Amino acid sequence: MERRYHVCGILAAALPLICPTAQAGYVFSNGALSGEATLDLGAANIISRHVNFGTGRVDIRNGENTGTSATWQEGYLKPGLTLNYQLNDDWALVGGGSVVSATTLGDGDAGGFSRSSDGKTAVEELYAGVHYRQWTLTLGRQNFMVGNGFIVMDGNLDFLKDGAYWLGPRSAFRDAAVLTWDNQALQAQAFSLRTDSDLGDFRLTGANVDYNLNDQVTLGAMALGVATIADSSQSTQRDGMRVYDLRALHGVLPGVPNLTLNAEMAWQKGSSSTTEYDATAWYLQGDYQFTSLPLQPTIGYRYASFSGDDDLTDNTSKAWDPLSKGFIDWGTWLIGDVVGNYLMNNSNENVHQLSARLQLNDAFTLGAMHYQFWLDKNNFLGTAVENKHFADESVVYLDYAPNAQFYSSLSYNWVKPQAAAKELFGDDKPFSAIELYFTYKY
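According to mature numbering (1 follows the signal peptide of the UniProt record, and there is no 0), the stretch in the sequence shown is residues -24 to -1, 1 to 418, in order.
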């Protein structure tokens, strides 16, 4: 999942809800043909200590414990091209593509998901389609996001040979089809998306609708079905799962313009021949900005809940499946840069999140966040525990964004194990990470 910015390969004019941020590259036109050439690049250096609370980093490919510290570097290049051919006032042909070249150096990430020299160069996006008035149809490898990425955003997990696990430059869904209707305030999409094998090689097919209510709130609803790709040996069984989602984003109360509210509720239902699904996930969030004070401080609180399963022996799956969640900003939806990357994955957890941010000037933002992680049920990945309080993570970060193209961040993250983590890992050292990275988008 890509850090900080979600890079969309589809023309922003055609799909504004799917591609919320579009950076201008080299724009060209020749008669009816127009297009944009882009180049994204990023690099990171991460230093992690007391990995897994002092028990050490475990390589997931061979189970080897490589020690309690990990220092590694990641980098990627992503050239891209989008095209638009205007047939007449109503019809246009659209298309585009991109290639990602990524690598990991050093010890490999702290979770053991990548090693030094992991990386490859491969096609990321490659799609074509047609635009007619309010309608756009695109087919092929492409990016797609619903809401703020709570359930649907990232189609590639950047595991193993992909390289750059932490930066996560690959996010496109493969073998995808997206039909979009854009009527300004009211927008809708029908979609069919296939994930990569690291996510479980499954297909999401459904529909989504969003309604902007006078810029006071954006209301949304989605329904989708999940199907396992039967011929994949790496697939995770999700056949018969049905997902329903309701949300209210960017809500502003009359008379309180500095308070922003977000809420979402989702259900996983349905059944296959062997499994019934009965899971829930939801969150409530409020952020308040003191615009009249120096540095315009913003404070926020969010409570997020992802159901767990209290009986792993029956045929009912009650643990929330994060499917293809994405990353758009600190804590959303990678909850905790250490816990969210290496320990928990938006399932069987309840999280209190406190945040504070100062706008030092037009380019620099200083922020801090604190998370308290509690297990929803008394087990961790199937291992029983007595206490549900897992860990507390804190982060202090400095963001630097002098313009729309360049972004850099330096952060210090540390996780204090609580009763559940101490019971599971048998150690109580703070799991920490210093992260320095940048991205540039031309």
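Glycine included, C-beta positions come from ideal geometry on N, C-alpha and C.
These numbers come from a predicted model, not from an experiment.
- Task: Give the range of the alpha helix (DSSP H) segment to which Val315 is assigned.
- Result: By one-based count along the sequence shown, residue 315 stands at place 339. Run containing Val315: Val315 to Tyr318, per the alpha helix (DSSP H) assignment.
- Query: Are there three or more Cβ pairs, one per stretch, closer than 8 Å when the region 15 to 32 is compared with the region 151 to 166?
  - Reply: No, the region 15 to 32 is not in contact with the region 151 to 166.
- Task: Using alpha carbons as the reference points, say which of Leu102, Tyr413, Tyr103 and Gln49 lies closest to Arg91.
- Result: Reading the sequence shown from its first residue, position 115 is the one you call residue 91. Of the residues Leu102, Tyr413, Tyr103 and Gln49, the one whose Cα lies closest to the Cα of Arg91 is Gln49.
- Since Phe382 is in the beta strand (DSSP E), which residue starts that stretch and which ends it? The count along the sequence shown starts at 1 and reaches residue 382 at position 406. First-last of the beta strand (DSSP E) with Phe382: Phe382 to Pro393.
- Query: Using 8 Å as the Cβ pair cut-off and three pairs as the minimum, do the region 268 to 275 and the region 290 to 301 touch?
  - Reply: No: the two stretches stay apart, fewer than three of their Cβ pairs being nearer than 8 Å.
- Message: For Thr251 and Phe126, I'd like the C-alpha separation in whole angstroms.
- Response: Taking the sequence shown and counting its residues from 1, one reaches residue 251 at position 275. Taking the sequence shown and counting its residues from 1, one reaches residue 126 at position 150. Rounded to whole angstroms, Thr251 to Phe126 spans 24 Å at the Cα level.
- Item | Residues that DSSP places opposite Trp350 in a beta bridge | Position 374 of the sequence shown holds residue 350. Trp350 pairs with Asn326 and His365.
- Looking at C-alpha atoms only, which residue of Pro233, Ile23 and Leu57 is the closest neighbour of residue 419? What the structure shows of the chain is the stretch from -24 to 418, and residue 419 is not part of that stretch, so it cannot be assessed.
- Closest Cβ-Cβ distance between Ala13 and chain D: below 8 Å? In the displayed structure, chain D is absent; only one protein chain is listed.
- Message: Going by the DSSP bridge assignment, what does Leu180 pair with across the sheet?
- Response: The residue you call residue 180 lines up with position 204 of the sequence shown. Beta-bridge partners assigned by DSSP to Leu180: Leu169 and Val202.
- Task: Sort out for me which residues DSSP pairs Phe120 with in a bridge.
- Result: On the sequence shown, position 144 is the one that residue 120 refers to. Looking at the DSSP output, Phe120 sits in no beta bridge, so it has no partner there.
- Item | the region 324 to 336 contacting the region 346 to 353, beta-carbon criterion three pairs below 8 Å | As far as the Cβ criterion goes, the region 324 to 336 touches the region 346 to 353, which means the pair count is three or higher.
- Query: Anyone know if the C-beta pair for Thr256 and Ser300 falls short of 8 Å?
  - Reply: Along the sequence shown, one-based indexing puts residue 256 at 280. Along the sequence shown, one-based indexing puts residue 300 at 324. No.
- Query: To the nearest angstrom, how far is it from the Cα of Asp186 to the Cα of Ala46?
  - Reply: Position 210 of the sequence shown, counted from the start, is the residue given in the question as residue 186. Position 70 of the sequence shown, counted from the start, is the residue given in the question as residue 46. Taking the straight line from one Cα to the other gives about 43 Å.
- Out of curiosity, what's the CA-to-CA distance linking Ser168 and Phe266? Locating residue 168 in the sequence shown gives position 192, where the first residue counts as 1. Locating residue 266 in the sequence shown gives position 290, where the first residue counts as 1. Distance between the alpha carbons of Ser168 and Phe266: 42 Å.
- Which residues in the same chain have their Cβ closer than 6 Å to the Cβ of Val3, if we skip the five residues on either side of it in sequence? Position 27 of the sequence shown, counted from the first residue, corresponds to residue 3. Only Glu12 meet the Cβ criterion.
- Message: In the DSSP output, which residue or residues are listed as bridge partners for Leu374?
- Response: As a first step, residue 374 is located in the sequence shown; it is residue number 398 there, counting from the start. DSSP lists Leu342 and Leu386 as partners of Leu374.
- Item | Span separating the alpha-carbon of Ile(-15) from that of Leu113 | The sequence position of residue -15 within the sequence shown is 10, counting from 1. The sequence position of residue 113 within the sequence shown is 137, counting from 1. The predicted position of Ile(-15) is uncertain, since its pLDDT is 33 and thus under 50; no value can be drawn from it.
- Message: For a minimum of 3 consecutive residues, which ranges assigned as the beta strand (DSSP E) are wholly contained in the region 20 to 84?
- Response: Restricted to the region 20 to 84, the beta strand (DSSP E) segments that are unbroken, complete and at least 3 residues in length are 41 to 43, 46 to 62 and 67 to 82, listed in chain order.
- Task: Grab the span of the beta strand (DSSP E) containing residue 420 for me, first residue to last.
- Result: The chain is shown from -24 up to 418; residue 420 falls before or after that span and cannot be answered.
- Contacting residues, own chain, Cβ-Cβ under 8 Å from Glu399 (five flanking each side not counted): Counting from one through the sequence shown, the residue named residue 399 turns up at place 423. Answer for Glu399: Val361, Glu362 and Asn363, listed in chain order.
- Query: Over what stretch of residues does the beta strand (DSSP E) that includes Ala153 continue unbroken?
  - Reply: On the sequence shown, position 177 is the one that residue 153 refers to. Counting along the chain, the beta strand (DSSP E) containing Ala153 begins and ends at Phe149 to Asn159.
- Query: If we count Cβ pairs, one from each stretch, closer than 8 Å, do we get three or more for the region 90 to 110 versus the region 376 to 389?
  - Reply: No, because fewer than three Cβ pairs between the region 90 to 110 and the region 376 to 389 fall closer than 8 Å, the two stretches do not touch.
- Query: Identify the residues that DSSP records as bridge partners of Gly105: which are they?
  - Reply: Counted from its first residue, the sequence shown places residue 105 at position 129. Its beta-bridge partners are Val70 and Thr114.
- Message: Taking DSSP's pairing of strands, which residues face Asp305 in a bridge?
- Response: For the purposes of this step, residue 305 is identified with residue 329 of the sequence shown, where counting begins at 1. In the DSSP assignment, Asp305 forms a beta bridge with Thr308.
- So what does Trp243 bridge to, in DSSP terms? As a working mapping, residue 243 is identified with position 267 in the sequence shown. In the DSSP output, where bridge partners are listed per residue, Trp243 has Tyr220 and Thr256.
- Per-residue burial, Tyr259 [other beta carbons within 10 Å of its own, 16 or more giving buried]: Walking along the sequence shown from the start, residue 259 turns up at place 283. Label assigned to Tyr259: buried.
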